[in-house]
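Take a look at the structure below.
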Amino acid sequence: MRIRFLRLLLTVLLLPALLQAQVRAVKGTVMEGSNPLPGATIMEKGLPSNGAIANEAGVFEVKLKGHSNVLIINMMGFLSQEINVAGKSEIKVSLKADAKGLEDVVVVGFGKQKKITNTGSVSVVSGKEVRQSPTASVQNTLMGRLPGFFSQQRGGQPGADAATFFIRGQSSFASSNKPLVIMDDIEVSYDDVAALDPNEIESISILKDASTTAIYGIKGANGVLVVTTRRGKNGPPSINVKSELGRQSWAYKPKFLNAYESALLTNEALVNGKQAPRFTQEDLDLFKSGADPYGHPDVSWFETLTNNYSLQSRNNLDISGGTEKVKYFVSMGYLWQNGFIKNFSQKADVNNNYYYKRYNFRSNLDIEATKTLSIRTDITGRFGEQNSPITNSPNSNGLIGEIYSYNFLPPFAYPVYNPDDSYGHNISMPGTMNIVGRLALLGYSRKFENDLNVAVGATQKLDVITEGLSVKGTIAYANSNSYSRGLSRTTAAFPAYYYNPKDGSYTPRDPTLYRVPGWKLDYSNSPGDKVLTIQGMVNYDHTFNKDHRFYGLVLFNRNTATRDNPELVPNFIPSNFLGYSSRLGYDYKQKYLIELNAGYNGTDRFVSSKRFGLFPAVSVGWNIAEENFVRKNFPAIDLLKLRGSYGLVGSDDVGGYRYLYEQVYNREGSYSFGELHTPTTGIREGTLGNDEVTWEKEKKFDVGIDLALFDGKLSATIDYFNNYRYDILAPRASIPQMIGVGLPPVNLGRVRNKGFDGEITYRNNIGKFQYSVRGTFSFAKNTIVFQDEPAQRYPWLALTGSSIGQIRGYKFIGFYQDQRDIDTSAVPPTPVIPGDLKYADLNGDKVINKLDQRVMGYPNLPNTVLGLTLGFNWRGISFSALIQSAFNYSLRLTSESIDVFFTNFQPIHQERWTPENKENARFPVLQTPSSEISRGFINPSDFWFINAKYIRLKNVELGYELPASWLKPTRLRGVRVYANAYNILTWTNVTKMYQADPEVSSGGVLSTYPNQKIMNFGVNVTF
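Take the sequence shown: its position 496, counted from the start at 1, is 495 in numbering that gives the first Met the number 0, and no numbers get skipped.
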């Protein structure tokens, strides 16, 4: 007994020494040739939670706790390595570049595919690249980075600055052409992309051809944008804190003429219109001298109402890590964007500016419940708050449109304040209240948005049945709600006065109004959206004899959308989607590749007999670089893969009313009964139903090549596509309206959309200086093959054969130079004077009318997009720059943007036609009322249309990673400081005619909040 006790005592005393002997440290350096590889991950085999990350010098240290004596070294873009460290305390590891992309994977529909064996057309951008841009909306930074991605940022209002985007352009002239958006295998809305915190993103892919989109069937015709969020990885907890502060300013700042210059042009236009001048010589002198700021004000409203800059702040905290059993990624983010309107408010809690606040959180949890069962639990949420001032603008285009408007805010409209600090007024503008007073007193409107998303999934491996077999089930629930709260006046008016400097008198705008009305609180609730998604999937992936790989999946997918408050939406009916999808693939030695995809699905938008459809696709690939004759004779070729795909996909985006097959009767109009008029609401036949309506269909053809040379230094991907959309839903336009009833859309339209896209990348290093250059290109041109339209008298009037979005207009051939020119030329039915726009008489009848219009210019969406990304890393310093350009699109602005006496006078109006400036005129003669033929809103022409183009220095980032040696005294694992910028410089031909950003919407006015230039500074600290 005594001997056993002594043995136990000895064991306890020696246990710490024994454990110390088992836990030993291994130091090492990870290199690529002579260059260190910072960021490489090192894990102990068998204990993936025990590991380290190489510092900026490639140095690491791991304390071995297991018995394998093996370290696994991984680095993105390099082949992984296993090193036996038995009996070693220090090692040096040299990783080889993954020239063939053996380790690279791309995210495709409901799965991942190795890049080397992928046969579809996919473009990918990493979350790291996305985070290099300070813009609040993710899609704003993707064009130029992703081949095949087209976007236009129409405005920059805080909380509403997200660009509209398309994949390979547009293929339908009836539907929205919006791509399907998938986040972690779950369909989300178009707006969810804009509200996504970039810190949560692992990668973004776009699926462009039939082989990658057919699995989505009836929803895949417009392409698919796939977002993969970040997840936890094996390793110790990593706490990352990032804080940014940005300075926003107008990407393009407009210039307007002052009061004197505007008054001169006003008089000139009135005289040309045979009217008396508005301003006397005394008025002009006073405007010019500024001696009478109250009676003859000269106010630059743009400068008066706006600040030179506003601030933006973005902050993030994320925690990630994990063990073999549990991996986690938790992120919280806060975004604040302030607007550029000056603070005129007289009440501290009444904000008259635009602003946007957004709070994001995400928790991605992966649990290995057993050796064969894994569970995924994702919880995400967003809370948004968007503020806008209430201005009760008399201009239908709101505050920004009012700044441009001659009718409401000319520079001589009224003084902002009178000598006694009361609000100024102008008797000659009785319908216009002082804009500064409106901003100061009328209150605000505030919109709140709350989103909550939960996804729970489980994957059970079934290797016990056959190796490589698994089943997966997922249930996802999304709930979004919004409501509005506004603080406004009980009456939208306030005291303002006309001050007469001659006698010092004050005349009230409204003699009955002597004080500011009281406040009232407004509230409105919108119906909340609830979406339930249920998925069931069987996966199989196994390689036989190292050469023959078979893989596939079968998927069940159901989606139901309902409303929280259906009573707010009369006759609301939940929408439903149900589908089955499959994939089957085979590759031999990663050399010969074939894949079959199919979706069989439908929605309740159509009658039951036409509700479901089959959407098959096939793709093949040949990796020529794996052939022996290429290996032997062309060793510089790392990857040379030819691939092609063909298939059918669909689109259920019918637009407007959801159930087009229904016959509709509306309660409208009235009937009279009895001897006296006794009205009773009647029932009138509405738009006819079409029980033959079905989804739009698209045949997609794609061929591509993937190439890598010289140990991966040079790589390229190029695709050619030819898509044919048919059964496009559009109303018949060839049937006259005298039929007396609304006609439903029918599946008649056809469009051909073809082009090419791709990227070329070169990476290399000079010593420790690593650099890269990547160019992307995207070209997509569509042609309307058939569009139902009336039989045209002349061929140039037909829209069939043009591109989606093109319109008819006149051909500008100069200005009418004098009366003789007018008398001997074709003229419109309305009178013209010398200096008006002169158009070509296409049908030769000596009359300019609609028969002389022809399809002109381009659509408003560019058909050509180029991108150039530059980057380098050297001793902790990193740099990246994105140059983006867009070509071949048309832009036309009207009314408050450019038309005389609608817009405030701009420098281009000084270059109008006059008898002295016949040869160099850039604008038609000034006249009021303006000749209709010279108004761009009434009569479009290629004088007003610009074949637009621009080149933008879209994004730049410069950062510095502090050396690890500096951080040794602290507990910090990494500190990076950086500065980045967005929309820095723009070169465009748009500003020759219009004072506008080149991405504004065509055919309208400059009423949207302008795009912003952002200069941003940040720090990223890792614990």
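Note that the Cβ used here is the ideal one computed from N, Cα and C, for glycine as well.
Under the DSSP assignment, Arg437 falls outside any beta strand (DSSP E), being part of the alpha helix (DSSP H) whose first and last residues are 434 to 440.
Excluding five sequence positions before and after Gly935, the CB atoms of its chain that fall closer than 7 angstroms to its own CB belong to Arg891, Thr893, Ile897, Asp898, Trp943, given in chain order. In its chain, beyond the 5 residues on either side, Gly50, Ala51, Phe59, Val61, Leu70, Ile72 have a beta carbon closer than 6 angstroms to the beta carbon of Ile41.
Under the DSSP assignment, Arg630 falls in the alpha helix (DSSP H) whose first and last residues are 627 to 632.
When the Cα atoms are used, Asn307 and Val989 turn out to be separated by approximately 23 angstroms. Counting only runs that start and end inside the segment 684 to 724, the beta strand (DSSP E) elements of at least 3 residues fall at 695 to 708. Cβ atoms of Arg153 and Val1004 stay farther apart than 8 angstroms, at about 13 angstroms.
For Leu675, the secondary structure class from DSSP, reduced to helix, strand or coil, is coil. Secondary-structure assignment with DSSP links Val846 through a beta bridge to Val826.
With a cutoff of 7 angstroms on beta-carbon distance, Leu244 and Phe1016 are scored as near each other. With a minimum length of 4 residues, the unbroken runs of alpha helix (DSSP H) contained wholly in the segment 920 to 971 fall at 963 to 966.
In the DSSP assignment, Val415 forms no beta bridge with any residue.
Under the DSSP definition of a beta bridge, Asn538 partners with Ser469, Leu552.
Relative to Glu915, the option among Phe555, Val772, Arg313, Gln816 whose CA is nearest is Gln816. Between the alpha carbons of Lys446 and Ala161 lies a gap of roughly 17 angstroms.
Bounds of the beta strand (DSSP E) holding Ser312 are 309 to 321.
A straight line joining the alpha-carbon of Asn350 with that of Leu865 spans about 41 angstroms.
Beyond the five residues adjoining it in sequence on each side, Asn575 comes within less than 6 angstroms, by CB distance, of Thr559, Asp603 in the same chain, given in chain order. Every alpha helix (DSSP H) of 4 residues or more that sits fully in the segment 88 to 141 is shown, in chain order, as 126 to 129. The Cβ atoms of Arg437 and Ala194 lie no closer than 7 angstroms to each other. In this structure, DSSP gives Pro197 a helical state, which the three-state scheme calls helix. For Glu661, the CB contacts under 7 angstroms within the same chain, skipping 5 residues up- and downstream, are Gly688 in chain order.
No Cβ-Cβ contact shorter than 7 angstroms links Ser299 with Phe339. Out of Glu667, Gly685, Leu708, Ser122, the CA that lies nearest to the CA of Pro678 is found in Glu667. When the five nearest sequence neighbours on each side are left out, the beta carbons in the same chain lying within less than 7 angstroms of the beta carbon of Thr118 are those of Ser210, Leu592, Glu594, Ser618, Val619, Gly620, Arg642, Ser644, in order along the chain. The segment 852 to 867 makes contact with the segment 136 to 148: 3 or more CB pairs, one atom from each, lie closer than 8 angstroms. The residues Val702, Phe755, in chain order, have a CB closer than 6 angstroms to that of Tyr719 in the same chain once the five nearest residues on each side in sequence are set aside. Note: Arg562 is bridge-paired with Asp528 in the DSSP secondary-structure output. Beta-bridge pairing by DSSP links Ile806 to Met855. Tyr505 and Asn425 have their C-alpha atoms roughly 11 angstroms apart.
In the pairwise beta carbon analysis, the segment 901 to 908 is classified as not touching the segment 795 to 815: fewer than three pairs are separated by under 8 angstroms. Taking a C-beta distance under 7 angstroms as the contact criterion, Asp835 and Ser940 do not qualify as a contact pair. Phe571 places its beta carbon less than 7 angstroms from that of Arg562. Distance between Tyr977 and Leu957, taken at the CA atoms: about 6 angstroms. According to the DSSP secondary-structure assignment, Phe900 is paired through a beta bridge with no residue. Residue state for Tyr405 is assigned as coil, using DSSP reduced to three classes.
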